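Numbering (this note's numbering), first residue to last: 413 to 856. For each residue, glycine too, the CB sits at the ideal point set by N, CA and C. Here the structure is a predicted model, which means the values were calculated and not measured.
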Amino acid sequence: MVKLLATPRLNGLFPLYGFISLMVLATHALSYKFSDIGSSNPYPGVWFLLVSYHVLVLLPVYLWARYMGPRNKDSIHRLMEASWSLMLPLTVISIVGLTAHWYAKLSFLPETGYECLSLVRTNWLNHDRELLSTPVRVASMFGHSLSSFIFPGLFISAYHSVLKKRALFFLGFFALAGVAYALPIVSRTILLSLVIMGFMGGVLAIYSSQTRVFQKALRFGLIIGGIVLAAFLLSKAVFDNTLACGDGNGQIQNVSITRASVVKYEKGFLDELPVQHLAPEKAQEKVLNACPSCNMVFLYLNHGIFNFESILASGQRGTPIMLASVRYWLTRLGFDLAEEPPVRVYGRGGLTLPGAAWHDWGPMGMIVVALLHGGIAVISAFLFTRGLLSAAFGLVLFVIPGLLSAFSLLFPATSTIGFPFIVFSMFVTSLMALAVAVKRRAIS
């Protein structure tokens, strides 16, 4: 059995969140560079603001690691060791959830089934919840709630897969289960959430380990990289499939995916987003000729940035965005919230997390949100150093900054379909692990 430090090196949280910020910024910067679609309202300082936001996020984490110094205790170690006994229950819960999830979503399929992924996604997004039968509505509710336990299952199995070879089976299962959860609703945000949850679970183990873990970390990295590739390929498949089913009747047209066909499709977004075609540079031409539909993936990655640039250039403000997801879920839970029709001053899709904070509260709002973002990570690290109960709550908070950072240049993570379910399932799973850890301590 791999020996762990009784006092995990929690100051490793700074490179953890730093790596996430670096990868997010690099991914979006490269997609911004290689796309020949640019903002129609360019704002020269937008990247300075985006980078500054992530620097401010990391500031509280750095100060904690550099000057406060974690008062190490073994609470988080005990909690994560106890979590290993939850693998089988989480597997069963996830399978039940996936069964209900697929049963509910099969009613949204077009006649062509999954031949036209774009229509599957459109049917799901545009469905009227009130018209669904009671069994379908109940199955959909339980499907999302129980399938969400895939995320803590992946987090825990990723943690143990770095340290226990037999955990790789569960890591593979929960990764495939996550893809199965995302497929009926063609959700790329679900796949990105899986990547982050798996990554954070594995890195928590790496920073807690006293042994040489390079080979194990490499093996874990390859699996996480596979989920990243799956997310990219699903996104690309959606755009390829949209071109092939472009006439809207659900019939495959055998369209050749060429640069000309993609440009024709892209023109539909020129009125929906504040973007324009630019004269392509040599590097852009090479990338887009090799992978024509990748330009649509780049547009998806950058649409929040383009919307942020538009707001910065115009100075306009609409209905507040940061708390919109809270109002949405309260409405879904049956609360009657009287409100004016939303006023939208940016294009289709989302707005970056820094952009949403700027939109709602201006420059000072962006600074405060960034510091709170990093502050959540510090609070989680602090709770890790207290007792088992505190560590259980810290574990829930631990994943939130990672999700916020991962989605930060697309939209606020709180607005994604998976976020409330991830927090719910992590909370329940942490309490289950706490109960196991307390029982073990009482026996010993």
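Which class does residue 449 belong to by DSSP, given the choice of helix, strand or coil?
Residue 449: strand per DSSP, three-state reduction.
Residue 495 vs residue 466 beta-carbon contact at 7 Å
By the CB criterion at 7 Å, residue 495 and residue 466 fall outside the cutoff.
Residue 757 - DSSP class collapsed to helix/strand/coil:
Correct three-state label for residue 757: coil.
Nearest-angstrom Cα distance between residue 563 and residue 513?
Spanning the two alpha carbons is a distance of roughly 15 Å.
With DSSP run on the structure shown, which of helix, strand or coil describes residue 728?
Three-state DSSP puts residue 728 in coil, outside helix and strand.
What residue range does the beta strand (DSSP E) around residue 574 cover?
Per DSSP, residue 574 lies in no beta strand (DSSP E) and is assigned neither H nor E.
Nearest to residue 765 by alpha carbon, out of 425, 593, 446 and 461?
Out of 425, 593, 446 and 461, 461 has the C-alpha closest to the C-alpha of residue 765.
Give every residue of the same chain whose Cβ lies closer than 7 Å to the Cβ of residue 430, excluding the five residues on either side of it in the sequence, and list them in chain order.
Counting only Cβ-Cβ distances below 7 Å, and skipping sequence neighbours, we find 470.
Environment of residue 661 [buried if 16+ CB atoms lie within 10 Å]
Reliability of the predicted coordinates at residue 661 is poor, the pLDDT of 49 falling under 50, and no value is obtained from them.
For residue 831, which residues in the same chain have their Cβ closer than 6 Å to its Cβ, ignoring the five residues on either side in sequence?
These residues qualify, in order along the chain: 825.
Closer than 6 Å by C-beta to residue 659: which residues in its own chain qualify, once you throw out the five before and the five after it? Chain order, please.
In this predicted model, residue 659 has a pLDDT of only 49, less than 50, meaning its place in the structure is not dependable; the value taken from the coordinates is given anyway. Apart from the 5 residues on each side of it in sequence, residue 659 has no Cβ closer than 6 Å to any other Cβ in its chain.
Using beta-carbon positions only, say whether residue 846 and residue 800 come within less than 7 Å of one another.
At the C-beta level, residue 846 and residue 800 come within 7 Å of one another.
Taking all protein chains shown into account, do 16 or more other C-beta atoms lie within 10 angstroms of the C-beta of residue 520, making it buried, or fewer, making it exposed?
It counts as buried.
Residue nearest to residue 444 in terms of C-alpha spacing, selected from 574, 715, 597 and 703
When each option's Cα is compared against that of residue 444, the closest is 715.
DSSP three-state label for residue 687, please.
DSSP places residue 687 within a strand segment (E or B) once states are collapsed to three.
Look at the Cβ atom of residue 688, then the Cβ atom of residue 452, and state whether they are nearer than 7 Å.
Contact flag set, yes.
Spatial neighbours of residue 792 within its chain, please: C-beta separation below 7 Å, excluding the five flanking residues on both sides.
Around residue 792: 806, 809 and 810.
For the putative contact between residue 720 and residue 767, defined by C-beta atoms under 8 Å, what is the C-beta separation to the nearest angstrom?
Correct: roughly 3 Å between the Cβ atoms.
Going by DSSP, what residue range makes up the alpha helix (DSSP H) through residue 479?
Bounds of any alpha helix (DSSP H) do not take in residue 479, whose DSSP letter is neither H nor E.
Would you mind listing the beta strand (DSSP E) stretches within the stretch 533-617 that are 3+ residues and don't spill past its ends, in chain order?
Here no run is fully enclosed.
Coil, strand or helix - residue 838 by DSSP:
Three-state result, residue 838: helix.
Would you mind working out which of 458, 439 and 468 sits nearest residue 788, comparing C-alpha positions?
Answer by Cα proximity: 468.
Measure the alpha-carbon distance for residue 553 versus residue 840 and round it to whole angstroms.
About 17 Å.
So, with DSSP's three-state summary, where would you put residue 855?
Reduced to three states, the DSSP call for residue 855 is helix.
Exposed or buried, which one is residue 422 when buried takes at least 16 other CB atoms within 10 Å?
Here the model assigns residue 422 a pLDDT of 49, short of 50, so the residue's position is not dependable, and the following value carries that caveat. Residue 422 counts as buried, since at least 16 other C-beta atoms from the protein chains shown sit within 10 angstroms of its C-beta.
Taking DSSP as the reference, what is the three-state secondary structure of residue 788?
Note: residue 788 maps to helix in three-state DSSP.
Measure the CB-CB distance between residue 842 and residue 804 and report whether it falls below 7 Å.
Yes, Cβ-Cβ distance for residue 842 and residue 804 is below 7 Å.
To the nearest angstrom, report how far apart residue 593 and residue 602 are at their CA atoms.
If you draw a straight line from the Cα of residue 593 to the Cα of residue 602, it comes to about 8 Å.
For the alpha helix (DSSP H) holding residue 503, just list the boundary residues, first then last.
Residue 503: member of the alpha helix (DSSP H) spanning 499-517, first to last residue.
Taking a contact to mean a Cβ-Cβ separation below 7 Å, would you say residue 565 touches residue 516 in this structure?
Contact: no.
Less than 8 Å between the CB atoms is what I'm expecting for residue 599 and residue 796, so what's the real figure, rounded?
The C-beta separation of residue 599 from residue 796 comes to about 31 Å, leaving the pair out of contact by the 8 Å criterion.
Would you kindly report the start and end of the unbroken alpha helix (DSSP H) that includes residue 810?
In this chain, the alpha helix (DSSP H) harbouring residue 810 covers 800-819.
Out of 753, 578, 573 and 604, point me to the one whose CA is closest to residue 614's CA.
Comparing Cα positions, the closest option is 573.
Inter-residue Cα distance where the pair is residue 557 and residue 609
Approximately 17 Å between the Cα atoms of the pair.
Helix, strand or coil for residue 762 per DSSP?
Note: residue 762 maps to coil in three-state DSSP.
Spatially closest choice to residue 428 from 685, 559 and 611, by CA coordinates
Comparing C-alpha distances from residue 428 to each of 685, 559 and 611 shows the shortest one belongs to 611.
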